[in-house]
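Residue numbers (my numbering): 93 to 524.
Cβ coordinates follow ideal geometry from the N, Cα and C atoms, glycine included.
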């Protein structure tokens, strides 16, 4: 074997086909699991599927299918068995007894492994480690009585704690340390967000199912230079770049971590600060792979996750990407979805229309206004800079005249100072 030859781990994919699953749903989920495995650096040797009314609480598979899986692993030197459904600690132990030397993991553990592989920044690595520990801690198991000095009987009494308890204590301390470090990074991120808000620059988050082409879109628009591969979760850490619209306004575009069905809840919690880029965005672009036969289902996954994060209800563009890869005319159902565009981030097709639509959304409801502020209330001017685009300030003997581009919210906040509006009475002014 040559030194630069890549060694792929040999894997068996396993799944339970439940009665409530739609036709082909189990196979489609295994296809996605195979793509995840490819990203992690493994290759599929075989798939083992059992139709059952529910997973066996002890071994997931029934005894006959489990014996078949064990024989398959022993005869073919399988490195790892990956179950598409989440496994309990007891299920992992019981399955490993049957498959001998092969490791047993589930879908969530595979996703965590990929995240660990692709984390680049210090924050990303901290978040991945915390998510791994939170998932691993309940699954930490000993190897029997030799792991403990607290057994029953002669020779086992005395001070000390089990190796298992010691490991758990260490994991708890490490998780507390990681959570502290991430909170400190969150403070720094919050400071950055406040600075962006004060600047008045609109923030656009590019979200979507993993491998929809988010990094390619950001690269094409801004030259961000992010790694863009045809693999799931090729990008993990968020990247924000400034982009100047043709009208001259600047916006901030952020590439976010990809969504995926059944994204582990603990992973969402660990990556909250990263996913908050969507929560604090002014506009959301949901990028959809137009060549994907499951595009409708995956778009629903994205919308559901945005709802769970509290990031729905914002101006949203549904952008179908990779349209240059379609051999036939577009046949995409967009009923009920406004703001739908078709682009190719790779070739640039349709991006001009996307940029134009972003301009329109940003300027919706904005108008040029003149505000007259008494000199005694000049402190209000700093708040105006936060909530509107101030274009000119003229200082007079009694008043400050401010020309600005304001949206409906800003006009409402400073209505009493508008040149074409009557001033409110003093009681209504007190909140300012």
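DSSP state of residue 368 mapped onto helix, strand, coil: Position 276 of the chain shown, counted from the first residue, corresponds to residue 368. In the three-state reduction of the DSSP assignment, residue 368 falls in the helix class, which pools H, G and I.
Per DSSP, the bridge partner or partners of residue 445: Taking the first residue of the chain shown as 1, we reach residue 445 at position 353. Bridge partners of residue 445: none, in fact.
Pull up the DSSP beta-bridge partners for residue 381, would you. Within the chain shown, residue 381 is the residue found at index 289, counting from 1. For residue 381, which the question treats as bridged, DSSP gives the partners 413.
Rounded C-alpha distance that separates residue 122 from residue 160: Numbered from its first residue, the chain shown carries residue 122 at position 30. Numbered from its first residue, the chain shown carries residue 160 at position 68. When rounded, the distance between both Cα atoms is 19 Å.
Closer than 8 Å by C-beta to residue 442: which residues in its own chain qualify, once you throw out the five before and the five after it? Chain order, please. In the chain shown, residue 442 corresponds to position 350, counting from 1. Taken in chain order, the residues that qualify are 415, 433, 434, 435 and 436.
Taking residue 174 as part of the alpha helix (DSSP H), name the residues at either end of that continuous run. Reading the chain shown from its first residue, position 82 is the one you call residue 174. Careful: residue 174 lies outside any alpha helix (DSSP H), inside the beta strand (DSSP E) at 172–175.
Is the beta carbon of residue 378 closer than 8 Å to that of residue 406? Here the question's residue 406 lines up with position 314 in the chain shown. Here the question's residue 378 lines up with position 286 in the chain shown. It is not a contact, given that the beta carbons lie outside the stated cut-off.
Since residue 483 is in the beta strand (DSSP E), which residue starts that stretch and which ends it? Translated into the one-based positions of the chain shown, residue 483 becomes position 391. Its beta strand (DSSP E) spans residues 481–487.
Among 158, 298, 478 and 355, whose alpha-carbon lies nearest the alpha-carbon of residue 330? Within the chain shown, numbered from 1, the residue matching residue 330 stands at position 238. Of the listed residues, the one whose Cα sits closest to residue 330 is 298.
Could you compute how far the alpha carbon of residue 501 sits from the alpha carbon of residue 374? Counting from one through the chain shown, the residue named residue 501 turns up at place 409. Counting from one through the chain shown, the residue named residue 374 turns up at place 282. Each residue's Cα considered, the two are about 14 Å apart.
Going by the DSSP bridge assignment, what does residue 496 pair with across the sheet? Along the chain shown, read from residue 1 onward, the residue named residue 496 stands at position 404. BP columns for residue 496 point to 461 and 482.
Is the separation between the beta-carbon of residue 131 and that of residue 184 shorter than 8 Å? As a position in the chain shown, residue 131 is number 39, starting the count at 1. As a position in the chain shown, residue 184 is number 92, starting the count at 1. No, the pair does not count as a contact, with Cβ atoms beyond the cut-off.
Suppose contacts are defined by Cβ-Cβ distances below 8 Å. Is residue 208 in contact with residue 220 by that definition? As a first step, residue 208 is located in the chain shown; it is residue number 116 there, counting from the start. As a first step, residue 220 is located in the chain shown; it is residue number 128 there, counting from the start. Against a cut-off of 8 Å, the Cβ pair of residue 220 and residue 208 comes out as a contact.
Closest to residue 492 by C-alpha separation, out of 199, 260, 467 and 212, would be which residue? Numbered from 1 along the chain shown, position 400 holds the residue referred to as residue 492. Among 199, 260, 467 and 212, the Cα nearest to that of residue 492 belongs to 467.
Rounded C-alpha distance that separates residue 172 from residue 195: The residue given as residue 172 occupies position 80 in the chain shown. The residue given as residue 195 occupies position 103 in the chain shown. Distance between the alpha carbons of residue 172 and residue 195 is about 5 Å.
Cα-Cα separation, residue 182 to residue 118: For the purposes of this step, residue 182 is taken as residue 90 along the chain shown, with counting starting at 1. For the purposes of this step, residue 118 is taken as residue 26 along the chain shown, with counting starting at 1. The alpha-carbon atoms of residue 182 and residue 118 are separated by roughly 24 Å.
Alpha-carbon to alpha-carbon, residue 100 and residue 108: Working through the chain shown from its first residue, we reach residue 108 at position 16. Working through the chain shown from its first residue, we reach residue 100 at position 8. Those two C-alpha atoms are separated by around 25 Å.
Counting pairs of Cβ atoms below 8 Å between the stretch 378–395 and the stretch 299–308, do you hit three or more? As far as the Cβ criterion goes, the stretch 378–395 touches the stretch 299–308, which means the pair count is three or higher.
Neighbourhood of residue 489 by C-beta, 7 Å cutoff - its chain only, sequence neighbours within 5 removed: As a working mapping, residue 489 is identified with position 397 in the chain shown. Correct list: empty, nothing qualifies.
Would you call the CB atoms of residue 106 and residue 134 closer than 8 Å? One-based indexing of the chain shown puts residue 106 at position 14. One-based indexing of the chain shown puts residue 134 at position 42. No, these two residues do not count as a Cβ contact at 8 Å.
Under a Cβ-count criterion, where at least 16 other Cβ atoms within 10 Å of its own Cβ denotes burial, should residue 179 be classed as buried or exposed? As a first step, residue 179 must be located in the chain shown, where it is residue number 87. Label assigned to residue 179: buried.
Between residue 345 and residue 397, how many whole angstroms is the CB-CB distance? I'm expecting something under 8 Å. Taking the chain shown and counting its residues from 1, the one referred to as residue 345 is at position 253. Taking the chain shown and counting its residues from 1, the one referred to as residue 397 is at position 305. At roughly 20 Å, the Cβ-Cβ gap does not stay under 8 Å, so residue 345 and residue 397 are not in contact.
With a threshold of 16 other CB atoms inside 10 Å of the CB of residue 215, please say whether the residue is buried or exposed. Within the chain shown, the letter at position 123 stands for residue 215. With 16 or more Cβ atoms within 10 Å of its Cβ, residue 215 is classed as buried.
Classify residue 152: buried if its beta carbon has 16 or more other beta carbons within 10 angstroms, exposed otherwise. Taking the first residue of the chain shown as 1, we reach residue 152 at position 60. Under this definition residue 152 is a buried residue.
What is the residue span of the beta strand (DSSP E) that residue 471 lies within? Locating residue 471 in the chain shown gives position 379, where the first residue counts as 1. Segment: none, residue 471 is in no beta strand (DSSP E) and carries neither H nor E.
My assumption, with CB atoms under 8 Å, is that residue 458 sits in contact with residue 499. Please give the rounded CB distance. Position 366 of the chain shown, counted from the start, is the residue given in the question as residue 458. Position 407 of the chain shown, counted from the start, is the residue given in the question as residue 499. Right, their Cβ atoms sit about 5 Å apart.
In whole angstroms, what is the alpha-carbon distance linking residue 82 and residue 210? Outside the shown range of the chain, which is 93 to 524, sits residue 82, and nothing can be said about it.
Measuring alpha carbon to alpha carbon, tell me which of 487, 463 and 342 ends up nearest residue 505. Indexing the chain shown from 1 puts residue 505 at position 413. Nearest C-alpha to residue 505: 463.
Closer than 8 Å, CB to CB, is residue 164 near chain C or not? Absent here is chain C; the protein component of the structure consists of one chain.
Pop quiz: residue 444 and residue 337 are said to be a contact at Cβ under 8 Å. What is the actual Cβ separation, rounded to whole angstroms? For this step, residue 444 is matched to residue 352 along the chain shown. For this step, residue 337 is matched to residue 245 along the chain shown. Between residue 337 and residue 444 the Cβ distance is about 11 Å, and since that is not below 8 Å, they are no contact.
Which residue comes first and which comes last in the beta strand (DSSP E) that contains residue 335? Position 243 of the chain shown, counting from 1, holds the residue named residue 335. 331–336 is the span of the beta strand (DSSP E), which, as asked, contains residue 335.
Given a threshold of 16 other Cβ atoms within 10 Å of its Cβ, counted over all protein chains shown, does residue 347 qualify as buried or as exposed? Mapped onto the chain shown, residue 347 falls at position 255. With 16 or more Cβ atoms within 10 Å of its Cβ, residue 347 is classed as buried.
Pull up the distance between the alpha-carbon of residue 307 and that of residue 335, whole angstroms please. Against the chain shown, residue 307 aligns to sequence position 215. Against the chain shown, residue 335 aligns to sequence position 243. Approximately 15 Å, taken between the alpha carbons.
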